[in-house]
Amino acid sequence: MPDTIKLEEKKLKVIGTRPVRPDGVPKVTGLARYGADYSLPGMLWGKILRSPHAHARIRSIDTSQAQALPGVKAVMTSADLPEQKFEYVGPERVAVNFWHMTRNIMAREKVLYEGHAVAAVAAISSTVADEALRLIKVDYEVLPHVIDVDEAMRPDAPLLFADMITRGVEPAPGKPSNISKRIELKIGDLEAGFAAADEIVEMDFKTAPVHQGYIEPQGCLARFDTDGQGEIWASSQGHFVVRAFTAQLLEMNIGNLLVHPAEIGGGFGGKTVIYIEPVAAVLSRKTGHPVKIVMSREDVFMATGPTSGAAMTVKIGVKKDGKIVAADGLFKFQAGAFPGSPVMNACMCSFAPYDIPNVRSVGYDVVCNRPKSAAYRAPGSPISAFAVESVIDVAAARIGMDPLQFRLKNSAKVGTPTVWGPKHAHDSYAATIQALLKHPGYTAPLGKNQGRGVASGFWFNNGGESSATAHVNEDGTVVVATGSPDIGGSRASMALMAAETLGIDYDKVRPIVADTASIGYTHVTGGSRVTFASGIAVIEACKKVIGELRARAAMTWDVDVDDVIWEEGHARPAGKNMGRFEPLSLKAIAAKKAVTGGPISASASVNAGGVAPGFASELCDVEVDPETGGVKILRFVAAQDVGRAIHPSYVEGQIQGGVAQGIGWALNEEYIYDQAGRLLNAGFLDYRIPVASDLPMIEAVLVEVPNPNHPFGVKGAGEVNIVPSMAAVANAVSHAIGRRMTELPMSPPKVLVALDSGRGD
Amino acid sequence: MAKHHVTATINGNGVEFLCETHQTLLEVLRDELGLTGTKEGCGTGDCGACSVTVDGRLVCSCLVLGVETEGKSIQTIEGMGVGKDLHPLQRKFLEHAALQCGICTPGILIAARSLLERNPNPTEEEVRYGLAGNLCRCTGYHKIVDAVLDAAREMRRA
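First to last, the protein sequences are chains A and B. Using our numbering, the first residue of the first sequence is number 1, and each one after it goes up by one. Using our numbering, the first residue of the second sequence is number 1, and each one after it goes up by one.
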């Protein structure tokens, strides 16, 4: 790609600067509209009735009294949604089964977790809707339930699905179980590898499921016309996915559904799936009125996807000189009520940072009576990294090596095989370790009850389908539309890449997020793919616009278009015409567009390949209060390979935010259930995410090893930052107290137990 | 049941509204008056996204009933800038990239203004404790704290 190299060689003018984001002002004045902020005339309020039981058969649902309540316009149950085919569709890592999805939206035969939706109403006010829910009579046959993953795997465990036969086992098991799938990935000869080891470290770990904790509960507004055409305004990480899933669940033609991207108040993976949109759509279709549904915080905790809790065993074998010769990981993940935990990612990412000749990763996807898990920031990878990076820490200590030098010695390089097949094509891991080795924090003295931990992580990053359109306005400004919801500053990065490509000022570019009818298909904002893949679409669209601008200049000058080049926002005569004409600016060409051929705009739709993965290495200092078991984070340094930071402030923000979530996961966050399988902490008071006073400044170190496959070197920056965080904190706490912490969260009671136990590394 | 008639001042303007007894100030602002800049994150006073001031006092509007605001003066995010000028806190949040998704931002700006009214020269720790009632899940608070400290510096000079 000669164009690519040309752009890369040029000195960048606007990329790497830190301008104010284009969508900033409405977000500081309260005018930006999120999912719950849309209303329409004649709008009804939709509310959802949820199961009080963890596991029960639905014998009957009587909606007659609710239906009869004045002000109630419609009641729905799963009978209003068509049955779906039982089939896993899409790539294995992210396969979808609509038979499951429709049951998660609205329970059919059984409720599978407390909070599972069973019915919904639409009424003239939220008060009437609440009253109507109380009038719906559901006859439940309560069944035994199972919450914990190890218990769910036992042969005598209560079964969520009577016909679930474990996939991935040959021959197929004769009896059903809660194990949806077994995965095994391996390279080399594990037995020989361990036999050659001088030291073997093997440990068990447990992590609790944690919620993404976005501050905006899911909210949407739906309206339908009698001809079957509908519109939805929804806060999501991908309005094209909202459209596809909703159309599938309602058995409607995709073209008849228009989805508008509301501003999104955080997602972290949790808004790549849908919960309320089909319900609002059905209620709207039934009533002929617009219907708005907004989840409560309690609904969000009980009924939307946390990431999996897990039980894991990791074993590594090491030579005295520090070379890791074998690694074996067993990862058992709670999928929640329906299959689909991120355990395959965990199997793939766990040992990915390392060059180990003999590796095996075994994963189990296990259903249990909890909300179905959903993606959460680098799904799966942080969980397995907690186990692997803890074992690495112990192994380094066992052979008397510095934990960063140990990682450096074993770091994956270009050509290192991965457990899932392909060889690593990028080797920026070592650079993140070196950034920490050079950091003064790594050698700063520690006080009493203090400890230091380091850890590293890997994430694939992602590319895929994205579309963009660039419109040149008559005054020389440019509108750039993409289909990627902006969660954390992506409009700014799109504008920067467009301005850089076109050679115009940042403030001449107006980036927008277009609805599903106004731009080509674009996959979700997730997988750290937007700046990379949608960025490529923007750059491609801008290059096409440049081609058109050159053609207009050529026409104006009456020369061949090949004799016109585009430089610094101007068409310039080149070749034999060099210097013959005054350069024409984008603005000058735009002003004459009507007489040179009409509107100037171009679209690009890409399926972006050439993804480069992200690596991060993190350093954490803690102080443990021996009286309370409380852990204070004293210092946190996160060195992440970001490829190239398009807008460094928002890249730092991704790192700081990911680390903060990792600290919450490490120290506080967990789902607490009672004996009946009911969630006891479905609120921010008792499910405690970090607050400002819990955290220090989080130092983000941007390591920039450009991706050669992206015009500006972008890799993706959103996710890998959370991968090492829990292990970094756990390693620090373990060193501070002289006891190895193997269970998350490391809440004060658990730290106190460890302090009292005298259990060493 | 008949609704209550309430007369209050919102962002300096006299406002009359009708509300049901159980309706919170947050619901009144958002659903009756169309002031959707005040956000609901939890409805239980734990997240601070619905922060407003009532007679100068910082409150979670989800914990105040609409009827309680009779005769009171309420300040919401929509009244934070003066005319077309942003408040220094709003400007510093933009300059420091102190917001990502922006859903917590209105509440944090209101809480930060209230903090700086009480303490125009806060330390980093005072800012962290002053904003401990406002949850942000995107930023790790780093740039928020920077922006508040920078705005405080600028406001002290003014």
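C-beta atoms are modelled at their ideal positions from N, C-alpha and C, and glycine is treated no differently.
Minimum Cβ-Cβ distance from residue i to chain A less than 8 Å
i, result
"leucine 18 of chain B", "no"
"arginine 137 of chain B", "yes"
"arginine 128 of chain B", "yes"
"glutamine 90 of chain B", "yes"
"glutamate 78 of chain B", "yes"
"glutamate 40 of chain B", "yes"
"threonine 36 of chain B", "yes"
"leucine 86 of chain B", "yes"
"threonine 69 of chain B", "no"
"glycine 140 of chain B", "yes"
"methionine 155 of chain B", "no"
Below-8 Å beta-carbon distance, residue i vs any chain B residue
i, result
"serine 484 of chain A", "no"
"glutamine 833 of chain A", "Residue 833 of chain A is absent from the structure shown; chain A starts at 1 and stops at 761."
"serine 649 of chain A", "yes"
"alanine 36 of chain A", "yes"
"aspartate 28 of chain A", "Note on residue identity: the sequence assigns valine, not aspartate, to residue 28 of chain A. It does; some Cβ of chain B falls within 8 Å."
"glycine 760 of chain A", "With a pLDDT of only 46 at glycine 760 of chain A, under 50, the local geometry of the prediction cannot be trusted, and the value read off the model is given with reservation. Chain B contact via Cβ: absent."
"glycine 380 of chain A", "no"
"valine 127 of chain A", "Per the sequence shown, residue 127 of chain A should be read as threonine rather than valine. Chain B contact via Cβ: present."
"glutamate 216 of chain A", "yes"
"isoleucine 264 of chain A", "yes"
"glycine 762 of chain A", "Nothing can be reported for residue 762 of chain A: it is not among the residues displayed for chain A, which extend from 1 to 761."
"isoleucine 689 of chain A", "yes"
"isoleucine 487 of chain A", "yes"
"glycine 213 of chain A", "yes"
"glycine 24 of chain A", "yes"
Contact list for residue i against chain A, beta-carbon separation under 7 Å
i, result
"leucine 131 of chain B", "Ala692"
"glycine 81 of chain B", "Thr29"
Under 9 Å from the C-beta of residue i: neighbouring residues of chain A
i, result
"aspartate 150 of chain B", "Those do not exist, as aspartate 150 of chain B stays about 13 Å from chain A at its closest Cβ, beyond 9 Å."
"lysine 143 of chain B", "Ser649, Glu652, Gly653 and Gln656"
"threonine 21 of chain B", "What threonine 21 of chain B touches in chain A: nothing, since even the nearest Cβ is about 10 Å away."
Pick from the options that is closest to residue i, judged by C-alpha positions
i, options, result
"alanine 602 of chain A", "A/Val367, A/Val478 and A/Ile254", "A/Val478"
"valine 300 of chain A", "A/Pro217, A/Ala234 and A/Leu330", "A/Pro217"
"methionine 555 of chain A", "A/Gly520, A/Ala594 and A/Thr531", "A/Ala594"
"alanine 262 of chain A", "A/Gly255, A/Thr226 and A/Ala222", "A/Ala222"
"glutamate 763 of chain A", "A/Gly30, A/Leu112 and A/Leu135", "The structure shown does not extend to residue 763 of chain A, since chain A spans only 1 to 761, so no value can be given for it."
"phenylalanine 776 of chain A", "A/Asn707, A/Ala431, A/Asp486 and A/Arg510", "This structure cannot speak to residue 776 of chain A, because chain A is shown only from 1 to 761."
"lysine 750 of chain A", "A/Tyr354, A/Leu667 and A/Leu584", "A/Leu667"
"aspartate 146 of chain B", "B/Ser61, B/Glu95 and B/Asp85", "B/Glu95"
"lysine 319 of chain A", "A/Leu502, A/Ala514 and A/Ile392", "A/Ile392"
"glycine 130 of chain B", "B/Arg137, B/Leu26, B/Thr53 and B/Leu116", "B/Leu116"
"glycine 457 of chain A", "A/Val723, A/Ile293 and A/Phe581", "A/Val723"
"glycine 42 of chain A", "A/Lys175, A/Val291, A/Ser384 and A/Pro209", "A/Val291"
"arginine 21 of chain A", "A/Met106, A/Phe406 and A/Asp507", "A/Asp507"
"glutamine 159 of chain B", "B/Gln90, B/Arg57 and B/Val67", "Summary: the structure shown does not reach residue 159 of chain B, with chain B confined to residues 1 through 158, and so no result is reported for it."
"glycine 35 of chain A", "A/Thr17, A/Leu586 and A/Lys271", "A/Lys271"
Amino acids of chain B, ordered along the chain, whose beta-carbon sits closer than 7 Å to that of residue i
i, result
"leucine 258 of chain A", "Result: empty, since nearest Cβ-Cβ is about 22 Å, beyond 7 Å."
"alanine 32 of chain A", "Gly102"
Under 8 Å from the C-beta of residue i: neighbouring residues of chain B
i, result
"valine 20 of chain A", "Leu94 and Glu95"
Contact list for residue i against chain A, beta-carbon separation under 8 Å
i, result
"threonine 44 of chain B", "Arg297, Gly683, Phe684 and Leu685"
Exercise for the section: Please list the residues of the stretch 693-727 of chain A that have a C-beta atom closer than 7 Å to any C-beta atom in chain B, keeping them in chain order. Expected result: Ser693, Leu695, Met697 and Ile698
Problem - Near-chain A residues of the stretch 97-124 of chain B (beta-carbon distance less than 7 Å), N- to C-terminal order - result: Ala97, Leu99, Gln100, Cys101, Gly102, Ile103, Cys104, Thr105, Pro106 and Leu109
Handout entry: Contiguous alpha helix (DSSP H) assignments of at least 4 residues, all confined to the stretch 273-301 of chain A
Key = 277-287
Exercise for the section: May I ask you to list, following chain order, the residues of the stretch 269-299 of chain A that have a beta carbon less than 9 Å from some beta carbon of chain B? Expected result: Val294, Ser296, Arg297 and Glu298
Exercise for the section: Below 8 Å between beta carbons is the criterion; list the residues of the stretch 46-57 of chain B that meet it against any residue of chain A, in chain order. Expected result: Asp46, Cys47 and Ala49
Exercise for the section: Run through the stretch 622-675 of chain A for me and flag every whole alpha helix (DSSP H) of 4 or more residues, listed as ranges in chain order. Expected result: 648-667
Handout entry: Near-chain B residues of the stretch 625-647 of chain A - C-beta to any C-beta below 7 Å
Key = none
Problem - alpha helix (DSSP H) segments (min. 4 residues) lying fully within the stretch 473-517 of chain A - result: 490-502
Exercise for the section: Residues of the stretch 525-543 of chain A with a CB closer than 7 Å to any CB of chain B: list them in chain order, please. Expected result: none
Exercise for the section: Starting from the N-terminal side, write out each stretch of the alpha helix (DSSP H) that is 4 residues or longer and does not extend beyond the stretch 129-157 of chain B. Expected result: 142-157
Practice task
Counting only runs of 4+ residues fully inside the stretch 227-276 of chain A, write out the alpha helix (DSSP H) ranges in chain order.
Solution key: 239-249
Problem - Length-filtered (4 minimum) alpha helix (DSSP H) runs lying within the stretch 187-233 of chain A - result: 190-195
Problem - Length at least 3, wholly inside the stretch 12-70 of chain B: the beta strand (DSSP E) runs in chain order - result: 13-19, 51-54 and 57-60
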